[in-house]
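Here the structure is laid out as structure tokens; the discussion comes afterwards.
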Amino acid sequence: MKMLNTVPYINQMPKWPTGCESVSTVMLLDYCGISIGVDEFISYLPTSDLMIHDQKLIGQSPFEYFIGSPYDPDSYGCYADVIVNTVNKIASEKGLPVKAIDISELSTADIIERYVKCGIPVLYWATIDLKPSYPGTTWTLPDGTSFTWINNEHCMLLVGVSDTEYWFNDPWDNHGVIGYPKNIVEMRHLEMRSMAAAILKF
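In my numbering, each residue's number is its place in the sequence shown (first place is 1) plus 13.
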């Protein structure tokens, strides 16, 4: 087993019920030696609410904004680009020696080899408790196209691997460091558009 044992853990509940992306990022930043609270990180996060206009639900893309609020259990979430851009904005403003990158194009096996086994935890999108995903709310984006949210979206911090499991700092409901079966993890990750991000120190 390869495990990054010194990654700090933060429970997202009950304060940040949809804040898994932010909480996981703050855990990763702390591991990188960057001290920032979850609330402070969220204050940098671009957020946008869904609205009804002309009897049609409209809103921004979760590739560009967190949809809703991390403090609201009925909100949605965001994808890797939002977290990458937020981390890089904070790093630029504070002069921090870190850079976030989107690595969603990599397979989970490549993520393990290139990052986790080299001592770099990775932000990894799957589902809450690895439950099956299913189509959720559909809304119209600013460009007129339709977007459907995938329910049970969840972001965790990938910190280890064994022969049969991937290991995560899972911020949901005080799960702590937990192993999930590889085949189910990879399936749920694919359902969540294979989103992943890393933070590099320089």
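No residue lacks a Cβ here, since even glycine has one placed at the ideal position from N, Cα and C.
According to DSSP, simplified to helix, strand and coil, what is residue i?
| i | result |
| --- | --- |
| A167 | Note on identity: in this sequence residue 167 is His, with Ala being the wrong assignment. Three-state result, H167: strand. |
| L70 | strand |
| Y179 | strand |
| V20 | coil |
| I114 | strand |
| T60 | strand |
| I47 | coil |
Looking at residue i: is its Cβ nearer than 8 Å to the Cβ of residue j?
| i | j | result |
| --- | --- | --- |
| S207 | S117 | yes |
| T31 | D85 | yes |
| L136 | I197 | no |
| L63 | V129 | no |
| L17 | G132 | yes |
| F181 | S74 | no |
| E166 | T150 | no |
| I212 | V100 | yes |
With 16 other CB atoms within 10 Å as the buried threshold, where does residue i fall?
| i | result |
| --- | --- |
| D183 | buried |
| H66 | exposed |
| A210 | buried |
| T121 | buried |
| M14 | exposed |
| F215 | exposed |
| S48 | exposed |
| Q68 | exposed |
| G173 | buried |
| L203 | exposed |
Could you round the C-beta distance between residue i and residue j to whole angstroms and report it? I think they count as a contact, below 8 Å.
| i | j | result |
| --- | --- | --- |
| S37 | M205 | Rounded, the Cβ-Cβ distance is 13 Å, inconsistent with contact. |
| F79 | G90 | 7 Å |
| S82 | T60 | 6 Å |
| V20 | Y44 | 5 Å |
| M40 | I55 | Not quite, the Cβ-Cβ distance comes to about 14 Å (not below 8 Å), so this is no contact. |
| L70 | W152 | 4 Å |
| T177 | P155 | So it is not a contact: roughly 44 Å between Cβ atoms. |
| V97 | I125 | Contact doesn't hold; Cβ gap of about 20 Å is too wide. |
| N164 | M26 | Going by Cβ atoms, the distance from N164 to M26 rounds to 18 Å, so no, they are not a contact pair. |
| S175 | G192 | 7 Å |
Which parts of the segment 78–162 are runs of the alpha helix (DSSP H), unbroken and 4 residues or longer, counting only runs that do not cross its ends?
Listed in chain order, the complete alpha helix (DSSP H) runs (minimum 4 residues) inside the segment 78–162 are 93–107 and 121–127.
Any chance you could list the alpha helix (DSSP H) runs of at least 4 consecutive residues sitting entirely within the segment 184–209, in chain order?
195–204
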